[in-house]
Amino acid sequence: MRPGSEPLDPAWKDALEQASRKLPERDPRARVFYECREDLRIDLRSDSSAIVVPTRLRGTAACRGGSRPGFEFQAWPSPADIAVGGSDIAGPGRAVSDCNETPHPAASTFDPRALVAWLEDLRSRADGRFSLRWVGFRQQIAVAVPGGEVRTDLRQGARVRLELEVPGPSGRTARAVAERVFRPPHTTADLGEVVGSLAERARARLDAREPAPGETILVLGPGVGGILIHELIGHALEADTVLRGASALVAKPGAVAPAEVTVVDDPRRGRGAWRRDDEAVECRATPLIEGGRVAGYLHDLSSAERFRQSATGHGRRASFREPVRPRMGCTFLAPGRLTPEEVLKGTSRGVYIRRMETASTDSLSGSARFIVTDADCIDQGQLGHPLHPFLLELRASTALPSLDRIGSDLEFDTCVGSCLRDGQPMVTSVGAPTFRIGVARVAT
Amino acid sequence: MFDPDSLLERLEALWRSTRNAKVARRVELYARTAIRLRVRTEGTGPAVVERGHDVGLAVRAVDSSGRIGFAAASGLDRQAVELALSEATTSPGAVIDPPWSTGGEGISMDHDDATALPEAEKLEAWLAARSGPAAWVECGRTVEALVAEGGLRATRQRNRAWGMRLLPFATGDAIEERPRVVAARRLEALPGDLLTVPIPPDAAPLDLHEAAGSLPVLISPPAASVLVRALVQALCGAARPGRARVGPALAVTESPGHPEGLSGGRFDDAGFTTRDKVLMDGSFASAADRGPGHYLRASYRDPPCPTFGTLGLADGELDVPRECVRIEHLRIHALDADRWLLEVGGTVDNEGRPVRAVRVAFVRTRPNELALRVHGAVGKARPCPNGVITPALLLDGRFGE
């Protein structure tokens, strides 16, 4: 699914156009933001029937910059509420309409019955304790900007998470997890192969051992290292973090990584892609690291104004209730020339990471911690036995300069998750080829 | 903004309108409205003022073939109800266990006073008195209503105040920031003192194991609240076989009606009457019943689920040790169900004053081992944003494996 557009309800289009003509032209950050959103979550476990949670919401936020910046939000507005102009709407105490003139669209994007049937078929193929979670969303936005213009965007995406736990000897169990971005027409057969490989991996993990604590060399499997890039580089180059002096990555001049390292954020690709951000700015691929040096920041309108730079189209909000922040869309490490085997070869001892999740990130110190849930030891350039889950610590100042081998096998979204920043969850994508880092630490 | 009476009136009218719908045999309607005012500062630039109004409803319905569904939508009119009802009955899934469970007859009311929200300038002044690199403070009020078969009518009104500031912690050769959130039912009750943790200047940070080897470990209320909730979830879950032993300071009661509690009240979010329940008695943890009286909704967009609500501990009877390691930051990384890595940081205190930073460290432990080491409570129990009301807790010196 790609970002795009669809016709806006005519009543809302008129109302937003009226509002945009009343927005003060002297305030370049004045906006009226409108969203209409549909979400569906389905949970299915081995021992229960499906839990299906569909939600619909609509809301607006009138935003202003200047010497008294802020915004006023309102759930379930009617078009008449916003046509009066951004600065007057939505304060606390406003009455709720008796009957909204433009109800939620009646038709759903999703077909829950078909999805449940599909997931149940998938579950029937697995032995052991199997659970699935399917999550999908569709968000139409429209933003009134000063001067009578209304710009729209459409974002949509879905993902599925599969988790399998298998029993082993002496009461032991082992788990394996896989996530896939869901793009219709997915069929059960597509994911049937994934279920098969999950079972194989879970059984292999019955022999997992404790990792050796302390310094280690990492090789990150295709796609997986995108999480590390997101945390150590992406968050450090969100412009509001840089503005308040809380980015260790920009504190020191010069190269932060070897010259082969290029990192880009492009919101137009990935699983929750957007074409315009929540301030109606056209987004573009933004180089973050080029030739091993910091090449740019991710901007919303506020940070761009203060840096006197162009906005990059990264201003996003989790909903109309929350403030706009510079956020990542799809952050990835550009591929190198080595085969994955060449990346692994020559590593006498280390850890090969198949799957991990972020535990914490701190841009001020440039550190990040990850829970590694699936990894193997590396012994003389070969993959060895699986490892129990462990905590991994990295510091950008030592880890990034040690990034010394980059594969050609760029993959996206092999580990799928949401990015939580300032309490705002956001659909994000990451990508990376197989690559190696020389300095990391297994926490004890 | 609705008051409880007008919200209930509106919801009852909407509920009556569903009686004509042939798609559902039984229907429960839940509505939540909220107003919020937040003032935020980034350390540079002017303060940002955010305010607004949220409203939404949720439907739980049993269709003609006995299947149960849930759906939610923003809004509070017939269109929103009809849409949610339609979705709940075309996408049925068992949303809780037992699948249909709504409190009985009668009218329940649980209301805070409807005081006016403060002006933005007052919040700005509150924030300025506790200035930091990035912080916010907000006040709000939530009104909820529930209408279902059998005559159930319930309304709840809650005032709330929240504050956040990024606090610095030492990590060896660097400083890291961690968000500290405080919460209360009124701005005046918001514990602003917890938004300040002075880092002792000059001296290099100490290693935790070095410091905790010889000194008692005192876990401050915000950090203790994280520990208490995680231990309750780990040791009081119904699936856990047997009764786990706990230290003498772990006397934890689930207190839905606690006057300082941030969630729940006299009835749960499915309308069932709540009552206090002892989860840990200072000797053992009890496996908790997660049935009626324990259904909470994270928001109107989420179905009611069995949840541990407000967890209360009594005020401590011990004095602050003359010298101790004070844990101000505590985070639990669950490697699996029975293996934790604690991320902790704080200070060495002498006569109640921090004299040395203790760098953030990781401690490997298991829930049942850690629970046994909680042997004392110090000072007044403070309400924390995760719903735990706890004093500072004392651990014995053996911290982790």
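Listed in order, the protein sequences are those of chains A and B. For the first sequence, my numbering begins at 1279 and goes up steadily by one. For the second sequence, my numbering begins at 108 and goes up steadily by one. Where a beta carbon is used, it is the ideal one built from N, C-alpha and C, also for glycine. Here the structure is a predicted model, which is why all the values come from computation and not from measurement.
Minimum Cα-Cα distance from B/Leu121 among the listed residues B/Cys343, B/Ala252, B/Pro329 corresponds to B/Ala252. Following the DSSP letters along the chain, one finds B/Lys487 inside the beta strand (DSSP E) bounded by residues 481-490. Using a Cβ-Cβ cut-off of 9 Å, B/Arg408 is close to Asp1317, Val1331, Thr1333, Leu1335 of chain A, given in chain order. Pairing B/Val432 with B/Gly453, the inter-Cα distance amounts to about 7 Å. In the structure shown, the three-state DSSP call for A/Arg1334 is strand.
With a cutoff of 9 Å on beta-carbon distance, A/Arg1307 and A/Glu1557 are scored as near each other. By the C-beta criterion, the region 383-393 of chain B is judged to be in contact with the region 335-346 of chain B, since at least 3 inter-stretch pairs fall below 8 Å. The C-beta separation of B/Arg466 from B/Thr278 comes to about 5 Å, placing the pair in contact by the 8 Å criterion. Residue environment for A/Asp1691: buried (at least 16 other C-beta atoms within 10 angstroms of its C-beta). A Cβ-Cβ distance of about 15 Å is found for the pair A/Val1621 and A/Ala1653, leaving them out of contact under the 8 Å criterion. The C-beta distance from B/Pro323 to B/Asp422 rounds to 19 Å, too long to meet the 8 Å contact threshold. Closer than 8 Å at the C-beta level to chain A, one finds these residues of the region 132-158 of chain B: Thr140, Ile142, Arg143, Leu144, Arg147, Glu149, Gly150, Thr151, Gly152, Pro153, Val155, Val156, Glu157, Arg158. The C-alpha of A/Ile1684 is placed about 28 Å away from the C-alpha of A/Arg1439. Between A/Arg1615 and A/Asp1578, the CB-CB gap reaches or exceeds 9 Å.
At least one beta carbon of chain B lies nearer than 9 Å to the beta carbon of A/Trp1354.
Taking 9 Å as the CB threshold, A/Pro1679 stays off the interface with chain B. Between B/Gly368 and A/Val1717, the alpha-carbon positions lie close to 46 Å from each other. Within the region 1514-1532 of chain A, contact with chain B at the beta-carbon level (separation under 9 Å) is assigned to Asp1518, Leu1521, Arg1522, Gly1523, Ala1524, Ala1526. If you check each beta-carbon in the region 255-279 of chain B against every beta-carbon of chain A, the ones closer than 7 Å belong to Thr278. Boundaries of the beta strand (DSSP E) around A/Gly1348: 1348-1353.
Here B/Cys246 is bridged, per DSSP, to B/Leu144, B/Ala268. Excluding sequence positions up to five before and after A/Arg1483, its CB lies within less than 8 Å of the CB of Ala1452, Arg1453, Ala1454, Asp1652, Pro1664, all in the same chain and listed in chain order.
Beta-bridge partners assigned by DSSP to A/Tyr1312: A/Thr1338, A/Ala1420. Residue environment for A/Ser1345: exposed (fewer than 16 other C-beta atoms within 10 angstroms of its C-beta). Judged by DSSP in its simplified three-state form, A/His1663 adopts strand. Assigned with DSSP and collapsed to three states, A/Gln1702 falls in strand. Nearest CB-CB separation between A/Gly1348 and chain B: below the 9 Å threshold. Listed by position along chain B, the residues whose Cβ is nearer than 9 Å to that of A/Arg1599 are Arg143, Glu157, Gly159, Asp161. Judged by beta-carbon spacing, B/Arg145 lies within the 9 Å limit of B/Val156, meaning their Cβ atoms are closer than that value. Counting C-beta atoms within 10 angstroms of its own C-beta, B/Arg460 has fewer than 16 neighbours from the protein chains shown and is therefore classed as exposed.
Annotation: A/Gly1574 to B/Leu192 spans about 48 Å, alpha carbon to alpha carbon.
If you look at B/Gly176, you'll find it in the beta strand (DSSP E) that goes 175-181. For B/Ala478, the closest of B/Met271, B/Asn266, B/Val333 by C-alpha to C-alpha distance is B/Val333. Your pair A/Arg1571 and A/Val1534 checks out as a contact, with CB atoms roughly 7 Å apart and the cut at 8 Å. Any Cβ of chain B closer than 9 Å to the Cβ of A/Ser1638 would place that residue at the interface, and such an atom is present. For B/Ala296, the number of other beta carbons within 10 angstroms of its own is below 16, and it is reported as exposed.
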